[in-house]
Amino acid sequence: MQTFFRILKYSNGLTSKLIQFFIFSVLGIIFSAISLASLFPMLNILFDKVNNTIPEFPAFTLSLNFPIRVFEYYFKTIIVQNGKSDALLFVCLLISVAVLLSGFFRYLERIVASRLRVDIVRNMRTHIFTNVTRLQIGYFNNQRKGDLISRFTNDVQEVENAVMNTLKAVLKEPITIIVYFGALFFISVKLTLFTLLVLPLLGGVLADIIRRLKKEAKESQESLGRIVNILDETITGMRVVKAFNARNYILEKMDVENRFYRKVNMGMAYKNELASPVSEFLGVLIVALILWFGGSLILNGDQELDAAKFMVFLALFASIIQPAKAFSNGITSLQKGIASARRIFTVIDTEPAIENKPNAVVLKSFERAIEFKNVSFAYDAVNVLENINLTVPKGKTVALVGPSGGGKSTLADLVPRFYDPTAGAVYVDDIALTDYDIDSLRKHMGVVTQESILFNDSIFNNIAFGMPGVSEAQVMQAAKIANAHDFIMQTENGYQTTIGERGSKLSGGQRQRISIARAVLKNPPILILDEATSALDSESEKLVQEALFNLMKNRTSVVIAHRLSTIQHADEIIVIQEGKIIERGNHETLMQNRGLYWKLSTIQKP
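Residues 105 to 710 (our numbering) are what the sequence shown spells out, left to right.
Written out as structure tokens, the structure reads:
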């Protein structure tokens with residue numbers, strides 16, 4: 105239940121809503137019970153069991169007997185003064201009013217429950233999304249995207265269903281059962297005690313079914329996450345799937361997961377659907393036992409039970425069966441909801457590995473240099489960088505080159521604190537990056553990667569991404585510097601043209617120039633360029649390279665390059681192999697040394 109109450113805390117004004125829900129539920133139950141209890145005087149009239157003596161009006165007391173005696177006073181007064189037909193009409197009107205008020209309060213109860221539910225869903229999704237965006241880049245390397253999406257959508261949906269069902273099961277139905285059992289005790293203590301002896305038979309069987317559902321509910325949600333992940337990867341990589349004739353492989357992979365999902369859900373369905381007929385059979389069995397025992401009491405002349413009371417008893421007990429079933433269904437739904445909630449809370453409770461220190465320093469301006477001092481880094485205990493010492497002076501361009509997998513991108517990712525070193529430290533103006541406020545640090549940096557990260561939005565919004573309040577003139581000027589303005593104006597709606605998912609409506613060179621325009625508009629003093637031209641054809645590369653030169657003017661740049669011809673102008677070239685700096689110098693010096701840089705340059709010459 106601790107998990108369930110944590111779910112409820114996502115509602116705004118939880119205490120107020122729960123109080124309202126409780127009050128409306130109780131009032132609805134009371135008027136429903138009154139409508140059933142009103143059958144008793146009606147049956148007494150029909151069985152001619154009513155005497156014509158008007159009792160004295162009762163003195164007020166805080167007990168259940170007071171309203172009963174008040175009703176009896178007015179009821180018998182109507183019989184004596186107006187006859188049994190008017191008394192019967194009075195009872196029918198009382199039943200109608202009680203049912204109307206019961207329905208009205210049930211409506212208010214459901215409205216409150218709906219407000220609670222929609223608030224929980226909204227706030228929970230907001231919390232998930234907020235926390236996910238706080239997490240470090242490394243977290244997403246270890247998580248399946250489809251599984252995260254599944255937690256955000258399907259798991260939250262399960263929690264939503266559980267809230268509605270469990271509110272009734274935990275708060276309303278127990279009250280209903282208590283109120284109705286109170287009325288049953290009032291009618292016949294012996295018969296009610298007998299009922300309580302046989303009811304655990306129903307509860308014990310259903311509890312065992314519910315217990316078995318819990319494990320399968322968790323497996324079902326995890327399997328659904330894997331299915332979403334396969335779907336996402338297939339759609340994203342459809343070109344590769346078709347190019348390598350891998351359709352059958354993907355289909356088989358999806359089929360295996362689908363079969364497992366079906367197996368788990370069929371197991372849940374067998375148990376879930378078994379609960380209903382089992383509860384119905386046991387309910388009928390219990391009613392039959394009550395009929396036998398109650399009938400025996402009447403036939404034996406029991407003083408507290410007659411035929412009219414027994415019929416009302418049966419009507420009240422029949423009304424308990426539905427809340428009892430709803431209670432068991434609510435517990436079933438709660439088990440599925442808790443399994444989903446725990447998956448959600450696993451994400452919410454994950455603390456970011458990279459966050460601000462207390463009283464973090466705000467970087468107001470970049471003045472001197474970026475320094476790497478004895479920096480090492482490891483992924484899962486595998487060393488990627490070892491003892492890196494490097495200085496990037498303000499206004500200079502430093503290029504990182506070397507074989508793939510050598511650690512160049514990791515080294516660059518340390519500058520905006522996508523990762524933190526496992527040893528040593530990176531400094532900006534003699535202050536360690538870990539001491540800076542992260543937002544203020546990244547505000548001074550622009551990143552252009554090999555893969556252009558664009559969004560399914562307009563060209564304008566992609567260039568102005570994360571920079572509210574910029575004018576169209578500023579965006580256009582940035583696009584001109586990035587050699588993007590001309591092709592943008594040739595699109596259907598110019599800067600308001602939607603570019604599709606991940607910029608699918610644009611060519612590779614166009615996407616890259618949009619990314620460069622975004623960096624130009626941000627106007628950062630520090631640039632990180634991660635193989636920004638390696639995936640382009642020669643014509644696009646020329647345009648993008650020209651845009652990059654325009655971007656790099658008067659800025660401090662860390663450039664990762666695969667094509668060495670693009671970084672010959674760099675003030676210093678750092679050659680990295682297997683996580684270590686093995687050469688450093690400008691282009692001419694490195695070519696004269698005839699080391700790895702010379703070898704790579706020779707290989708790339710036409």
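Cβ coordinates follow ideal geometry from the N, Cα and C atoms, glycine included. Just so we're clear, the structure is a prediction, and the values are computed from it rather than from any experiment.
Just to confirm, is the Cβ distance from residue i to residue j under 8 angstroms?
i	j	result
F476	V530	yes
F135	S206	yes
V416	L143	yes
D675	V519	no
I452	H231	yes
K180	A430	no
I678	L494	yes
F108	L275	no
I111	A445	yes
L438	A621	no
V368	S324	yes
H548	I630	yes
A588	L625	no
I279	I424	no
I618	K609	no
Q554	E635	yes
N491	N478	yes
G509	N269	no
Y114	I253	no
A287	A411	no
L655	V505	no
I542	I563	no
G683	G511	yes
So, with DSSP's three-state summary, where would you put residue i?
i	result
E408	coil
Y284	helix
A482	strand
L328	helix
D259	helix
V174	helix
S292	coil
I474	strand
N493	strand
T602	strand
V466	coil
N245	helix
N487	strand
K461	coil
Q426	helix
G434	helix
E596	coil
G162	Reading the sequence as shown, one finds Pro at residue 162 and not Gly. In this structure, P162 counts as coil in the three-state DSSP scheme.
A651	helix
N349	coil
P278	helix
Name the two residues that bound the continuous alpha helix (DSSP H) containing residue i.
i	result
G689	Note, G689: premise wrong, no alpha helix (DSSP H); beta strand (DSSP E) at 684-689.
Q106	106-112
R622	612-626
F126	118-141
F591	589-593
Q708	700-708
Please report the distance separating the alpha-carbon of residue i from that of residue j.
i	j	result
F290	L389	23 angstroms
N560	K703	42 angstroms
F569	V283	59 angstroms
S189	M370	57 angstroms
L489	S480	5 angstroms
K584	L545	27 angstroms
T670	N227	49 angstroms
F522	L220	38 angstroms
G699	A665	17 angstroms
T296	D336	58 angstroms
R330	G598	40 angstroms
I182	F194	8 angstroms
R659	A516	16 angstroms
Q600	V579	12 angstroms
S513	M358	33 angstroms
S661	N565	25 angstroms
Along the beta strand (DSSP E) that carries residue i, what are the first and last residues, could you check?
i	result
D634	630-634
E213	From DSSP, E213 is part of no beta strand (DSSP E) but of the alpha helix (DSSP H) over 188-238.
V663	660-664
Q681	676-681
Are there any heavy atoms of the ligand GDP lying less than 7 angstroms away from the beta-carbon of residue i, as far as the coordinates show?
i	result
V579	Among the components of this structure there are no ligands whatsoever, and the ligand GDP is therefore not found.
* Could you pull out every unbroken beta strand (DSSP E) segment of at least 3 residues lying fully inside the stretch 498-577, listed in chain order? => 501-505, 527-532, 549-553
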